[in-house]
Amino acid sequence: MNQPSRQVPLPRYKARLREGQQIICERFRVDNDARRLLQRRCRLVDDILRDLWHELELPASLALIAVGGYGRGELYPASDVDLLLLLPETPDADLQAQIERLVGFFWDIGLEIGHSVRTLDECLAEAAADVTVRTALIEARLLSGDETLFGEFREHFANALDLPAFFRAKRLEQEERYQRFQETPYSLEPNCKESPGGLRDLQMILWITQAAGYGGHWRELERHGLITREEERRLERCEGFLRRLRIHLHLQLGRREDRLLFDYQTALAGELGFSGSATRRPSEELMQAYYRTAKNVTQLNTILLLNLAAVLLPAVEQTPQPINARFQARGDLLDIVHEAVFDETPGAILESFLLMEQHAELQAMTARTLRALWRANELIDEHFRADAHNRANFLQIFQQPRGLVHELRRMNRLGVLGRYLPNFGQIVGQMQHDLFHVYTVDQHIMQVIRNLRRFTMHEFAHEYPVCSRLISDFERPWLLYIAALFHDIAKGRGGDHSELGTVDAQEFCDRHGLGPEDSELIVWIVRRHLLMSHVAQKQDVSDPDTVAAFAAVVGDERHLTALYLFTVADIRGTSPKVWNAWKGQLLEELYSATRKLLANGGEARPAQGIIEERQQDAMRLLRYFALSDTVHERLWKQLDTVYFLRHSSDEIAWHTRALHYRIDEHKPVVKARLNAQGVGLEVMVYTHDQPDLFARLVGFFARAGYTILDAKIHTTRHGYALDSFIMQDVSGRDSDREMIGYIEHELAALLLVQRPPEAPASGRVSRQVRHFPIEPSVGIKADDRGARYILSISAADRPGLLYGVAMTLAAHGAQLHTAKISTLGERVEDTFLVSGGDLSESSGRIRLETDLVDQLRV
Numbered sequence: 009m010n011q012p013s014r015q016v017p018l019p020r021y022k023a024r025l026r027e028g029q030q031i032i033c034e035r036f037r038v039d040n041d042a043r044r045l046l047q048r049r050c051r052l053v054d055d056i057l058r059d060l061w062h063e064l065e066l067p068a069s070l071a072l073i074a075v076g077g078y079g080r081g082e083l084y085p086a087s088d089v090d091l092l093l094l095l096p097e098t099p100d101a102d103l104q105a106q107i108e109r110l111v112g113f114f115w116d117i118g119l120e121i122g123h124s125v126r127t128l129d130e131c132l133a134e135a136a137a138d139v140t141v142r143t144a145l146i147e148a149r150l151l152s153g154d155e156t157l158f159g160e161f162r163e164h165f166a167n168a169l170d171l172p173a174f175f176r177a178k179r180l181e182q183e184e185r186y187q188r189f190q191e192t193p194y195s196l197e198p199n200c201k202e203s204p205g206g207l208r209d210l211q212m213i214l215w216i217t218q219a220a221g222y223g224g225h226w227r228e229l230e231r232h233g234l235i236t237r238e239e240e241r242r243l244e245r246c247e248g249f250l251r252r253l254r255i256h257l258h259l260q261l262g263r264r265e266d267r268l269l270f271d272y273q274t275a276l277a278g279e280l281g282f283s284g285s286a287t288r289r290p291s292e293e294l295m296q297a298y299y300r301t302a303k304n305v306t307q308l309n310t311i312l313l314l315n316l317a318a319v320l321l322p323a324v325e326q327t328p329q330p331i332n333a334r335f336q337a338r339g340d341l342l343d344i345v346h347e348a349v350f351d352e353t354p355g356a357i358l359e360s361f362l363l364m365e366q367h368a369e370l371q372a373m374t375a376r377t378l379r380a381l382w383r384a385n386e387l388i389d390e391h392f393r394a395d396a397h398n399r400a401n402f403l404q405i406f407q408q409p410r411g412l413v414h415e416l417r418r419m420n421r422l423g424v425l426g427r428y429l430p431n432f433g434q435i436v437g438q439m440q441h442d443l444f445h446v447y448t449v450d451q452h453i454m455q456v457i458r459n460l461r462r463f464t465m466h467e468f469a470h471e472y473p474v475c476s477r478l479i480s481d482f483e484r485p486w487l488l489y490i491a492a493l494f495h496d497i498a499k500g501r502g503g504d505h506s507e508l509g510t511v512d513a514q515e516f517c518d519r520h521g522l523g524p525e526d527s528e529l530i531v532w533i534v535r536r537h538l539l540m541s542h543v544a545q546k547q548d549v550s551d552p553d554t555v556a557a558f559a560a561v562v563g564d565e566r567h568l569t570a571l572y573l574f575t576v577a578d579i580r581g582t583s584p585k586v587w588n589a590w591k592g593q594l595l596e597e598l599y600s601a602t603r604k605l606l607a608n609g610g611e612a613r614p615a616q617g618i619i620e621e622r623q624q625d626a627m628r629l630l631r632y633f634a635l636s637d638t639v640h641e642r643l644w645k646q647l648d649t650v651y652f653l654r655h656s657s658d659e660i661a662w663h664t665r666a667l668h669y670r671i672d673e674h675k676p677v678v679k680a681r682l683n684a685q686g687v688g689l690e691v692m693v694y695t696h697d698q699p700d701l702f703a704r705l706v707g708f709f710a711r712a713g714y715t716i717l718d719a720k721i722h723t724t725r726h727g728y729a730l731d732s733f734i735m736q737d738v739s740g741r742d743s744d745r746e747m748i749g750y751i752e753h754e755l756a757a758l759l760l761v762q763r764p765p766e767a768p769a770s771g772r773v774s775r776q777v778r779h780f781p782i783e784p785s786v787g788i789k790a791d792d793r794g795a796r797y798i799l800s801i802s803a804a805d806r807p808g809l810l811y812g813v814a815m816t817l818a819a820h821g822a823q824l825h826t827a828k829i830s831t832l833g834e835r836v837e838d839t840f841l842v843s844g845g846d847l848s849e850s851s852g853r854i855r856l857e858t859d860l861v862d863q864l865r866v
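Per the numbering used here, the sequence shown runs over residues 9 to 866.
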């Protein structure tokens, strides 16, 4: 077989492709018609490939076939062009060279080709072995070449396709894909193609229906009775939005990218016409629209899969088992007895979810029940909400021993929850760009309710031992679930969401007839839901005055326990990064100390009594090491009341054991140990006090790959610094035990030579911080005694931030006594107790605030 001698004008083809695509994109920017762009680009590429095929004079016995998305007739601006070169037999060397030349030309003119060269038998064998290949070949479309060979391929492929097996494989493929994306469409940076609720969910349905002969378009599915006319319109709207979004993403970047990263969201919002409001960024409006679309897609996907399963995997006919006059069980599915159930009895809408909780044998709802519920949304109006029976059923849903989270999520997906509680409907899909929430507001609320429910389940008792014990004795725990539903319901309205949510919660309690005691608890939790985390993470929980002030707000043990359970569930429901055992320890310590105080009638114990108790317990611990009863005397003489109030008995015993024979040691003493709570290391530093000590320590720890969670800074009576730190490894080494020796040796050597503080290496700021910055804030106010000052800072986290703060404090001559370092995702909220320098003067405090704000902005 001879090579064609004619020269192919590649520059002309290249220009034709480039200019054609430019015209198509310009038309799209005018008409914003996604379907038309996909079809136009497909026709452009079709024409160019056919012309090249003919110009290169490929043998007439071959077939050039479009497969995958290209075969479907959809080519996004940066999508691959998937091709199959189908051969009647294995090619010889000459034909192989011709094919390679053809593919090379495709690339040379600017097409990104995904191609395979197969004989008919090879195609069928690969399709049988790989569901991805089978899927791509379902949409095969002849571009040029042997029509007979293509027809033979289509016939053999159709005969070999096992529809039930294909359906099962695609359903399993979707389940695995969902797992890769944590089974939620509500990621902060979703993939508009692959994430749950993305384009792939729609494409998967059409692959199955096309293979089954029902067609590859929504109109054809409606004609076959698989979807209703309204569902067809919803699918068209969802698909159109996702297509436009993906097209704009490709055009914006000039390359293939399907992730809606923070870097792109603002520009995409502008391209899609979102302008923002006083309380929302344009990107937040865009993402809320995306999440609502994704929710619709997942729900329609569920309905269609149920319908297709009934056709392709017919089960043995089972006699429906009546549940009541409105519902029946079909196997393990809840089914309505006829199509008009909800029209005749609107209250059955809420009843359906209640039945799912009450009947453990029911695993899901039939497709017609889901469809009817979706249609029945409009029946939930003010009259429906005012109905006493409906209100009672809604409360009953929260009081069932099982199934609450599943049914609330189902109610949210179907839009029932947002219709029954219109204020909840407003926060569905609403982003939270506060640098520590990683879920939309409605998903965060669901996470908090899930966490509260887990406290009640025996299988999670090992994970939440204290919470599991407390909630088992808590009367009417379902009140906490109601509080969770309202605690963030006012996000995005402007103003204090806790106070605004309190109004909503009170109105709900009044409308639903809750008693005064229960209503008060729910409303109080909504108003105070941030209090306990604020006190535990920003104040000194070992200080009796801190505990007394907190106890005065809480009032009694029931409110304390409710707030503790809620706070743990709330923090754990923000982000996997936010919760750690250290925060758990702080909350538990605050809870225990407050409970003791309340049990004592709210009367704070004298400081001396607390000190004596801690000293006695420390002595008991020291005896375990066979130390004498006088071992503590020299060190403790140098320690004042503040030290013993700030440190636990375990810390006091540890310090005493390490220092009892080195009280006047001229060399620095550094000791490290694994933290008892499983969070990083505890480090003790004992050395002659020196300028810039805190900055020097912070710089060292940062260079060693650690962040400080808590610091207790103390100066002894004879001028030694006795500082304690709790630190967490942020380097990903997972080698705390191996780092103990390094820290003890290297830090002691560093302090001995007293070199100037050394800044840690700078790192990269996260995308979230870069695109959603927060304005840093600094506050300085006198403590209750007026002798020291509480310094609070809030800023976006970044490498070296704490070191910069330490250096600024040192420059102002401020003496540091305690530091509470709280990292909430990508945001830090740190609190320091400081004194000295020029803090006593108002002008000095203003200069310090100004310098700190400048430092935090760097």
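C-beta atoms are modelled at their ideal positions from N, C-alpha and C, and glycine is treated no differently.
Query, Result
"Quick check: the segment 65-72 against the segment 132-139, are there 3 or more CB pairs under 8 Å?", "no"
"Using the three-state DSSP reduction, which class does H696 fall into: helix, strand or coil?", "strand"
"What did DSSP end up calling R462 once you bin it into helix, strand or coil?", "helix"
"Buried or exposed: where does Y669 fall if 16 or more other Cβ atoms within 10 Å of its Cβ makes it buried?", "exposed"
"Considering just the uninterrupted stretch of the alpha helix (DSSP H) at V16, what are its terminal residues?", "V16 -> no alpha helix (DSSP H), and no H or E assigned at all."
"How many Å lie between A710 and L171 at the Cα?", "59 Å"
"Run through DSSP, which three-state label would I798 get?", "strand"
"For N588, tell me which candidate among P524, P676 and L717 has the shortest Cα-Cα distance.", "L717"
"Please go through the same chain and pick out, in chain order, the residues whose beta-carbon is closer than 7 Å to the beta-carbon of E415, but skip the five residues on each side of it.", "F361, M364, E365 and I405"
"At a cut of 8 Å, does the segment 664-680 reach the segment 739-757 through at least three beta carbon pairs?", "yes"
"Which whole-angstrom value describes the C-beta separation of G808 and M735, a residue pair presumed to lie in contact below a C-beta threshold of 8 Å?", "Going by Cβ atoms, the distance from G808 to M735 rounds to 16 Å, so no, they are not a contact pair."
"Helix, strand or coil, according to DSSP, for V861 in the structure here?", "helix"
"Taking all protein chains shown into account, decide if M465 is buried (16 or more other Cβ within 10 angstroms of its Cβ) or exposed.", "exposed"
"Determine the burial state of L321: buried for a count of at least 16 other Cβ atoms within 10 Å of its Cβ, exposed for fewer.", "exposed"
"According to the Cβ coordinates, are I311 and I235 closer than 9 Å?", "yes"
"Determine the burial state of Q326: buried for a count of at least 16 other Cβ atoms within 10 Å of its Cβ, exposed for fewer.", "exposed"
"For G503, count the other beta carbons within 10 Å of its own beta carbon; 16 or more makes it buried, fewer makes it exposed. Which is it?", "exposed"
"With DSSP as the reference, please indicate the residues paired to Q823 in a beta bridge.", "S843"
"Quick check on DSSP: helix, strand or coil for R35?", "helix"
"Under 9 Å between the Cβ atoms of L529 and R566?", "yes"
"Sort Q15, V319, S87 and I344 by Cα distance to I331 and report the nearest one.", "I344"
"Throw me the rounded Cβ distance for the A492 and R264 pair, which I believe falls under 8 Å.", "Between R264 and A492 the Cβ distance is about 41 Å, and since that is not below 8 Å, they are no contact."
"For S13, count the other beta carbons within 10 Å of its own beta carbon; 16 or more makes it buried, fewer makes it exposed. Which is it?", "In this predicted model, S13 has a pLDDT of only 46, less than 50, meaning its place in the structure is not dependable enough to derive any value."
"Apart from the five residues just before and just after L132, which ones in its own chain have a Cβ nearer than 7 Å to its Cβ?", "H164, F165 and A168"
"Are the Cβ atoms of L308 and I357 separated by less than 9 Å?", "no"
"Thinking just about the alpha-carbon of each residue, which of N385, D389 and G339 is nearest to the one in A368?", "G339"
"Alpha carbon to alpha carbon, how far is M439 from S583? Give it in angstroms, no decimals.", "14 Å"
"For E97, which residues in the same chain have their Cβ closer than 7 Å to its Cβ, ignoring the five residues on either side in sequence?", "T127"
"Near L314, what residues of its chain come up, given a Cβ to Cβ distance below 6 Å and the 5 sequence neighbours on each side ignored?", "A375"
"Return the Cβ separation of A148 and G79 in integer angstroms, given the expectation that the two are a contact with Cβ distance under 8 Å.", "5 Å"
"Quick one: Cα of Y797 to Cα of T724, how far?", "20 Å"
"Do the segment 16-30 and the segment 43-56 make contact, defined as three or more Cβ pairs closer than 8 Å?", "yes"
"Between which two residues does the beta strand (DSSP E) containing G787 stretch?", "S785 to A790"
"Who are K675's beta bridge partners in DSSP?", "K675 is not bridged to any residue."
"In the DSSP output, what is G122 paired with across the bridge?", "D90"
"Report the rounded CA-to-CA distance for S195 versus R793, giving the unit in angstroms.", "47 Å"
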